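So in our numbering, spot 90 of the sequence shown is number 97, and the numbers just go up one at a time.
Here the structure comes first, spelled out in C-alpha cells, and everything after it is commentary.
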Amino acid sequence: ADPKPGISNLTVNVVGAAAGVQGFAAFVGVAKGVNFENCTATGTLSGSHSMGGFCVQCYGDSLFKDCVNEAEITSTASKKVGGFIGQIQGPGKITGVQFVNCVNNGAVTALKNFGDNGIGGFIGYDGADGARNFSNCTNTGAMTATGIGVGSFVGFVNSNSYATSIEGNTAQAGMLAIGKVKGRKATC
C-alpha cells in the first residue's frame, strides 16, 4: 500500500476573515488520508461555517500527532466548526481518525444559536460511521456557543455506528467531552 501523504514540522499563521464564506482552514480544505505531525495552526479564522484549524473536512483515515491549534475561530453561522476539523463526513465507515499528543488552545466561537451547532475543540461535526481515537490530548480553548452540540472534544455526532476513545485526555473544565450524540449506536 502507498504511504499516506503527510504534512510535518510546519506552522501556518492565518489572519483573515471570509464573511459569508464557508470552508476555511489553515492547512487544507479536504483531508483524505493525510497525516499531520508536529504542526501548529495560529492566527484568526472568521467566516460562515465549516471551519477548522487544520482542515475543513476529513473524508478518510487521518492522523494528527504532536499538533497544536492556537488559531482563534469565529463562525457567524455557528455550525461544523472545530479546533482541528470542521466536519467529518463520507459514505460508510471512516476509521482511523486519530489524535495523539495534540492540544487545542484556540478559542472557538459561534455567534448564533442553530440548535445542533457542532462546535468542538477538536471536531465540530462528525457525520460518518466509524471510530475516533484521542490519546493524551488536551483542550484548553474556550468554546463559546449557545444551544446543544457543543463539546470539549467533539461537538455533534450524527452517526448510525460510532465509537470513540477519549479516556486519559483532558477536557475543558465544566464541559462535556462530546456535546451531542444522535444515531442508532454509539460507544464513547
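Think of the CB as a built atom: it goes at the ideal place given N, C-alpha and C, for glycine as much as any other residue.
Small disclaimer: the values here were computed from a predicted structure and weren't measured.
Check	Outcome
Please list the segments of the beta strand (DSSP E) lying wholly inside the segment 30-77, counting only runs of 3 or more residues, in order along the chain.	35-38, 42-44, 47-54, 62-65 and 70-72
If you run the structure through DSSP and keep just helix, strand and coil, what is M150?	strand
Could you check what DSSP says for Q94 in three-state terms: helix, strand or coil?	strand
Can you name, in chain order, every residue of its own chain whose Cβ lies under 6 Å from the Cβ of K86, other than the five neighbours on each side?	H56, F121, N124 and G125
Would you mind giving the Cβ-Cβ distance between N140 and F129, rounded to the nearest angstrom? I have them listed as a contact below 8 Å.	Not quite, the Cβ-Cβ distance comes to about 11 Å (not below 8 Å), so this is no contact.
Please list the terminal residues of the continuous beta strand (DSSP E) segment that includes A178.	Note, A178: premise wrong, no beta strand (DSSP E); not H, not E.
Going by the CB atoms, is the gap between A78 and G60 shorter than 7 Å?	yes
With 16 as the cutoff for other CB atoms within 10 Å, does T18 come out buried or exposed?	exposed
Out of N42, G90, S82 and A84, state which residue places its alpha-carbon closest to the alpha-carbon of T49.	G90
Since V161 and M150 should fall inside the 8 Å C-beta cutoff, what is the C-beta to C-beta distance between them, to a whole number of angstroms?	Incorrect: roughly 11 Å between the Cβ atoms, too far for contact.
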